[in-house]
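Student: Starting off with a structure, shown below.
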Amino acid sequence: MRTFNRRTLIASAVIVGNLALGLALPGAAQAQGFPTKPINYILPFNAGGESDISARFQQSVFKKIAGVEVVIQYMAGAGGAQAWSQLNSMPNDGYTMMGINLPHTVLQPLQKDVGYQTDDLTPVNYFHYTPDAIFVVKDSPFKTLKDLIDYAKKNPGMVTMSGSGSNSSNNLAQVRFDELAGIKTTYIPFSGTGPAVTAILGKQTVAGFNYAPSGIAHADKMRMLAVASEKRMPAFPDVPTFRELGFDLVGGAYRGLSVPKSTPEDIRQKLSDIISAINVEPEFKKKMEDGGFVLTDIGYKAMPAFMAEKKKEYGALAAKLGIKKQ
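So in the numbering used here, the last one in the sequence shown is 326, and the numbering has no gaps at all.
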């Protein structure tokens, strides 16, 4: 049975205690007693992907932490842009929050008019990231990453890679991997993780850059050749990292929550603290780590510095995706 260290349990108790006290912050009158009714949690992607999986895990403990239920809704389209472009027109009372992803929300507006700019969005917490990984079907002739690279070198462009959306972390990982390995593969974007996995399983593509948690649900049908985490993941102890294999590729999709820009500051902070408390809740933490997620705790106060760093990082990589700043 898994145990949790004293620091984690203390952190959880402190955050939950702060929530119970109503966050004695300047202007906290609006947040006092919040929330008192179910919160709408809008996901900008299809059901079945990592955003959906982690939201369902959050949903399972949300009432325990916040005292109210969370209701998950879907608004898929345009790689998330359809929902993000509408967020600021939604109710600003704290009872509407939306899933938000990096690098999507930095790269999309650089490429074209998608109805929003990065700075139009108001993230309150980034709670995990999922490392990129290369998958093939179980009966694929490519047993190792080296097998795939060797084939790609002899057949430029013939290795097709499915992935979750254009200008996504999967797309960025594919471009960076091609550069590091000295090969040329062909990226084929899908509307989300679920359809991208289906393409691998149906052999519509030779392989796929997807997120590590996909290896849990499809362990009997797909083989993970390498994962872009800093060290081997507990959920996949036998899967080497790209770094182990000689490629300095570390990264993935960060997932968090955003609210309409006119949402009061104290409500933003309260929602951020709810998510932080969920992140250290033992049941949730175990589900996430067993599911292949890497937990983070980037709260509202840390958001300006975090976003400035990510905008700089992804902006510098935009050219490698063929994105010309508008």
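Cβ coordinates follow ideal geometry from the N, Cα and C atoms, glycine included.
Can you pull the DSSP bridge partners for D132?
Tutor: Answer by DSSP bridge pairing, in chain order: Y211.
Student: According to DSSP, is A199 part of a helix, a strand, or is it coil?
Tutor: It is helical.
Student: Which partner residues of N40 appear in the DSSP bridge assignment?
Tutor: Paired residues: V71 and T96.
Student: Suppose the cutoff is 6 Å on Cβ atoms and the five residues either side in sequence are ignored; what does the same chain contact list for I298 look like?
Tutor: So the list reads Y126 and F306, once near-sequence residues are dropped.
Student: Suppose contacts are defined by Cβ-Cβ distances below 8 Å. Is S166 in contact with A253 by that definition?
Tutor: For S166 and A253, no; Cβs fall outside 8 Å.
Student: Are A226 and I149 close, meaning C-beta to C-beta below 8 Å?
Tutor: No. Outside cutoff.
Student: In chain order, what residues of the same chain lie with their CB nearer than 6 Å to the CB of K320, ignoring the 5 residues before and after it?
Tutor: Cβ within range, chain order: V175.
Student: With C-beta atoms as the reference, is L110 less than 8 Å away from A173?
Tutor: No.
Student: Which same chain residues end up closer than 6 Å to N279 when comparing Cβ atoms and leaving out the 5 residues on each side of it in sequence?
Tutor: Answer for N279: F127, L295 and D297, listed in chain order.
Student: According to the Cβ coordinates, are T130 and T118 closer than 8 Å?
Tutor: The answer is no: Cβ separation not under 8 Å.
Student: Quick one: which unbroken beta strand (DSSP E) runs of 3-plus residues sit fully inside the segment 266-308? Chain order, please.
Tutor: Listed in chain order, they are 294-298.
Student: So P213 and F293 are supposed to be a Cβ contact under 8 Å. How far apart are they, rounded?
Tutor: That pair is a contact at about 6 Å.
Student: My output table needs one value for S89: the three-state DSSP class, helix, strand or coil.
Tutor: Note: S89 maps to helix in three-state DSSP.
Student: What residues in its chain sit with their C-beta under 8 Å from that of T205, if we drop five residues either side in the sequence?
Tutor: Taken in chain order, the residues that qualify are T160, M161, S162, I188 and A199.
Student: Quick test of your reading: G289 and A235, contact by CB under 8 Å. State the CB separation rounded to the nearest angstrom.
Tutor: In the sequence on display, residue 289 carries Glu and not Gly. Confirmed, Cβ separation roughly 7 Å.
Student: With C-beta atoms as the reference, is R268 less than 8 Å away from Y300?
Tutor: Cβ distance < 8 Å, so R268 and Y300 count as in contact.
Student: Cβ atoms of L43 and F74: under 8 Å apart, would you say?
Tutor: For the sequence presented, residue 74 should be read as Tyr rather than Phe. Closer than 8 Å, so yes.
Student: Taking DSSP as the reference, what is the three-state secondary structure of A319?
Tutor: Note: A319 maps to helix in three-state DSSP.
Student: Alpha carbons only, please: which of P240, G246, I274 and F242 is nearest the one belonging to G256?
Tutor: It is I274.
Student: Count Cβ pairs between the segment 215-222 and the segment 81-90 that sit closer than 8 Å; are there 3 or more?
Tutor: No contact exists between the segment 215-222 and the segment 81-90.
Student: Secondary structure at F127, three-state DSSP: helix, strand or coil?
Tutor: Three-state DSSP puts F127 in a strand.
Student: How big is the Cα-Cα spacing for I100 and P260?
Tutor: Near 12 Å, if we compare the C-alpha coordinates of P260 and I100.
Student: Mapping DSSP to helix, strand and coil, what is L25?
Tutor: Unreliable positioning characterises L25 in this predicted model, as indicated by a pLDDT of 40, which lies under 50. A coordinate reading is not provided.
Student: What residues are listed by DSSP as bridge partners for R255?
Tutor: Looking at the DSSP assignment, R255 forms a beta bridge with N101 and H128.
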